[in-house]
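For reference, the structure is listed below as structure tokens.
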Amino acid sequence: MLAYALSTLAVNLMAQIKRIVVTGGAGFLGSHICERLVGDGHDVICLDNFFTSQKSNVQHLLGKPNFELIRHDVTLPIFLEVDEVYHMACPAAPGHYQFNPIKTTKTSVLGSINMLGMAKRCGARILLASTSEVYGDPEVHPQPESYRGSVNPIGPRACYDEGKRVAETLFMDYNRMNKVEVKIVRIFNTYGPRMHPYDGRVVSNFIRQALTGHDITIFGDGQQTRSFCYRDDLVEGIIRLMNSPTDVIGPVNIGNPDEFTIRELAEMVIEQTGAPVNLVQKPLPADDPTRRQPDITLAGKVLDWEPKVKLREGLQQTIDWFKSVDLSHYRPPTPNFV
Ligand code: NAD
Ligand code: UDP
Numbered sequence: 000m001l002a003y004a005l006s007t008l009a010v011n012l013m014a015q016i017k018r019i020v021v022t023g024g025a026g027f028l029g030s031h032i033c034e035r036l037v038g039d040g041h042d043v044i045c046l047d048n049f050f051t052s053q054k055s056n057v058q059h060l061l062g063k064p065n066f067e068l069i070r071h072d073v074t075l076p077i078f079l080e081v082d083e084v085y086h087m088a089c090p091a092a093p094g095h096y097q098f099n100p101i102k103t104t105k106t107s108v109l110g111s112i113n114m115l116g117m118a119k120r121c122g123a124r125i126l127l128a129s130t131s132e133v134y135g136d137p138e139v140h141p142q143p144e145s146y147r148g149s150v151n152p153i154g155p156r157a158c159y160d161e162g163k164r165v166a167e168t169l170f171m172d173y174n175r176m177n178k179v180e181v182k183i184v185r186i187f188n189t190y191g192p193r194m195h196p197y198d199g200r201v202v203s204n205f206i207r208q209a210l211t212g213h214d215i216t217i218f219g220d221g222q223q224t225r226s227f228c229y230r231d232d233l234v235e236g237i238i239r240l241m242n243s244p245t246d247v248i249g250p251v252n253i254g255n256p257d258e259f260t261i262r263e264l265a266e267m268v269i270e271q272t273g274a275p276v277n278l279v280q281k282p283l284p285a286d287d288p289t290r291r292q293p294d295i296t297l298a299g300k301v302l303d304w305e306p307k308v309k310l311r312e313g314l315q316q317t318i319d320w321f322k323s324v325d326l327s328h329y330r331p332p333t334p335n336f337v
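All residue numbers for the sequence shown refer to numbering that gives the first Met the number 0, where the first residue is 0 and numbers rise by one.
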């Protein structure tokens, strides 16, 4: 009797262990998702071409029996047997995605087609890491999921914004046509340890500049706003969405509604690092959104999720991490003209 009970328990536990692919799994957010899933006992495959990341982000997972790393470009097909796919692969920082904009669009479009094809073949559930950039420079504030956005389709940000919009379309069409179980998360500006120190995003730029004694570069007058979400809150929201009932498809906004001007962020970084640096003004990049704030009512309702980490606290964790790494270890993205 005891033996039967134990074997039933073992079978039930095995059934909860899933084979999960994380594309872009060596990146900032992907590496934290891999870490969480490995810790939960799942069999995790990280797929990455290391365009904007490096192996060191997942080095600590390499020896684990339930973690595997494959160097692969998602614009090419791959055949794996999986239960779930977290589709995170895509350069996310403006400097990274504008480096080779054609490749960025290919990554969003071809990468989504390849991963959706794999999910369809395996009967796997698949989650898309979409973005608040689908709202463009929004006329509606804060942005609910029902807002259809204001994107310039021919500007320098379009490769990313329109690429993600097409990816969302593909996810919905695979769901309607092929019954693939899909989830779409629209991620708002997220920061934290393991951001690429040279990715040019505002949090990484300001902290690196302050810690290395360089003046902080404010683009435009610094009155544009962003709402910053700490990575732990974001990862929790994404995992909850993946594990939500089948009829919760999204898109679901995940972000922190606390909104700050870029100048306020710069002042906080100076205060928290204690760095004797000044603010310098640089031209505002084309199509830079003037404001951004998530409406997270839906995430609260369907995922019982809300962010917990205040900006000041998350910034301190991020500053401490930046202090602990050797910046010479990081390099700009590899030239890639595929
Ligand atoms: P990141 O640049 O750190 O991670 C992206 C990862 O994808 C990197 O490891 C990169 O090497 C990999 N990658 C890029 N192109 C690839 C390709 N063709 N094949 C395989 N791997 C490829 O960025 P992140 O901040 O971790 O973003 C992860 C995802 O979340 C992206 O899809 C991004 O669009 C989305 N997102 C992030 C934020 C944010 O604030 N961090 C906001 C909105 C959306
Ligand atoms: N920004 C800035 N200085 C920097 C980097 C960025 O003032 O060194 C501004 C940028 O113009 C934008 C905001 O900070 O208004 C957020 O930029 P980021 O690249 O982090 O992300 P975005 O939300 O624009 O994709």
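By construction, the Cβ of each residue, glycine as well, lies at the ideal position given by its N, Cα and C atoms.
Pick helix, strand or coil for residue i, following the three-state DSSP scheme.
i    : result
N188 : coil
C45  : strand
F218 : strand
Q223 : coil
I318 : helix
E34  : helix
F66  : strand
E180 : strand
P196 : coil
F50  : coil
V57  : coil
K17  : coil
T260 : strand
Q271 : helix
F205 : helix
P76  : coil
K307 : coil
I238 : helix
N174 : helix
G110 : helix
Please report the Cβ distance between residue i and residue j, rounded to the nearest whole angstrom; I am assuming they are in contact, meaning their Cβ atoms lie under 8 Å.
i    : j    : result
L115 : T74  : The Cβ separation is near 13 Å, so there is no contact.
P155 : A285 : 6 Å
Q271 : S226 : So it is not a contact: roughly 18 Å between Cβ atoms.
F259 : T224 : 6 Å
Y190 : G313 : 7 Å
R230 : L28  : 7 Å
C33  : V43  : 5 Å
Compare the Cα-Cα distances from residue i to each of the options and report the closest residue.
i    : options                : result
H86  : D72, H95, F98          : D72
V181 : F218, G249, T211       : G249
V247 : F66, H328, Q315, L302  : L302
T289 : I153, F218, G26        : F218
L240 : K54, I77, A298         : A298
E83  : V308, S107, I101, L36  : L36
F78  : F98, Q97, A123, H195   : A123
Q25  : G40, P90, V81, E80     : The residue asked about is misnamed: residue 25 is Ala in this sequence, not Gln. Here the closest residue by C-alpha is P90.
N48  : I69, S30, I186         : I69
R185 : N252, S243, D198       : N252
G94  : N174, I125, C121, R200 : R200
S243 : T130, I125, L310       : I125
I16  : V234, K309, V81, C228  : V81
Give the DSSP bridge partners of residue i, in chain order.
i    : result
E149 : The question names Glu, but residue 149 in the sequence shown is Ser. In the DSSP output, where bridge partners are listed per residue, S149 has G135.
G280 : At residue 280 the sequence reads Gln, which differs from the Gly that was named. Q280 is bridged to I217.
H86  : T22, L127
C228 : T189
I253 : I186
Q142 : P293
Say whether the region 129-146 touches the region 201-208, bearing in mind that this needs 3 or more beta-carbon pairs closer than 8 Å, one atom from each stretch.
no
Between the region 276-285 and the region 212-230, can you find at least three pairs of beta-carbon atoms closer than 8 Å?
yes
State whether the region 156-165 contacts the region 314-321, with contact taken as three or more CB pairs (one from each stretch) at a distance under 8 Å.
no
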